[in-house]
Amino acid sequence: MFQSIQPERLNQNVFSAIGEQWMLITAGSGERCNTMTASWGGLGVIWGAPAATCYIRPQRYTKEFVDREEYFTLSFFDGAWREQLALCGAKSGREVDKVKACGFTVLHAACGAPYFEQAQLVLVCRKQLAQPLDPERIPPDVRRRWYPQEDYHTMYIGQILEILQKV
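Dropping the structure here:
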């Protein structure tokens with residue numbers, strides 16, 4: 017069971033939650049959704065509202081869903097789900113039904129955005145911006161390290177509409 021909390025009440029270490037524990041980026045409709053593991057992103061305030069950023073490479077199947085839909089979710093899990101999060105980062109939804117393979121139960125926020133009953137924390141976001149990263153503005157050492165295949169991420173900014181915390 018989840019309860020809605022105000023962004024100001026979020027007491028999670030976002031650096032650990034995103035960078036070390038990982039998150040799932042999920043988008044889709046009631047009929048079909050896709051998810052992927054991510055360890056790049058951030059939380060803050062932009063345009064007068066709480067916001068989340070996430071980054072998706074062009075070859076990721078989830079990108080098609082995030083591009084098509086108005087809403088997406090970021091779901092955070094406890095350590096018991098690490099193996100499933102690893103699968104969601106290693107396998108493509110084009111070949112594997114990741115939701116089924118992981119044993120996740122899909123729920124839907126009021127706006128229709130999918131998330132998972134097994135999550136501990138969910139950020140429900142309305143897409144505000146999708147901006148491909150400009151390689152010319154990325155330092156050469158960063159490009160060499162993170163983009164040897166020149167598959168530059170698209171940055172997404174989502175206004176956080178609701179934060180759902182497991183009770």
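Sequence positions in the sequence shown follow the numbering used here and run 17 to 183. Just so you know, even glycine gets a beta-carbon here, dropped at the ideal spot from N, CA and C. Since the model is a prediction, treat every value here as computed from it, not as a measurement.
- Residue 35 sits in a helix when the DSSP states are folded into three classes.
- Cβ neighbours of residue 71 within its own chain (closer than 6 Å, five residues either side excluded): 56, 169, 171.
- Residue 90 and residue 111 have their alpha carbons spaced roughly 22 Å apart.
- In this chain, residue 126 is not harboured by any beta strand (DSSP E), its DSSP state being neither H nor E.
- Your pair residue 86 and residue 140 does not check out as a contact, with CB atoms roughly 11 Å apart and the cut at 8 Å.
- Taking 8 Å as the cut-off, the Cβ atoms of residue 101 and residue 53 count as close.
- Per DSSP, reduced to three states, the secondary structure at residue 142 is strand.
- Counting only the Cα atoms, residue 26 lies some 10 Å from residue 137.
- By the CB criterion at 8 Å, residue 84 and residue 167 fall outside the cutoff.
- Annotation: residue 97 to residue 153 spans about 36 Å, alpha carbon to alpha carbon.
- The beta carbon of residue 181 sits closer than 7 Å to the beta carbons of 18, 19, 21, 137 from its chain, once the five residues preceding and following it are set aside; these are given in chain order.
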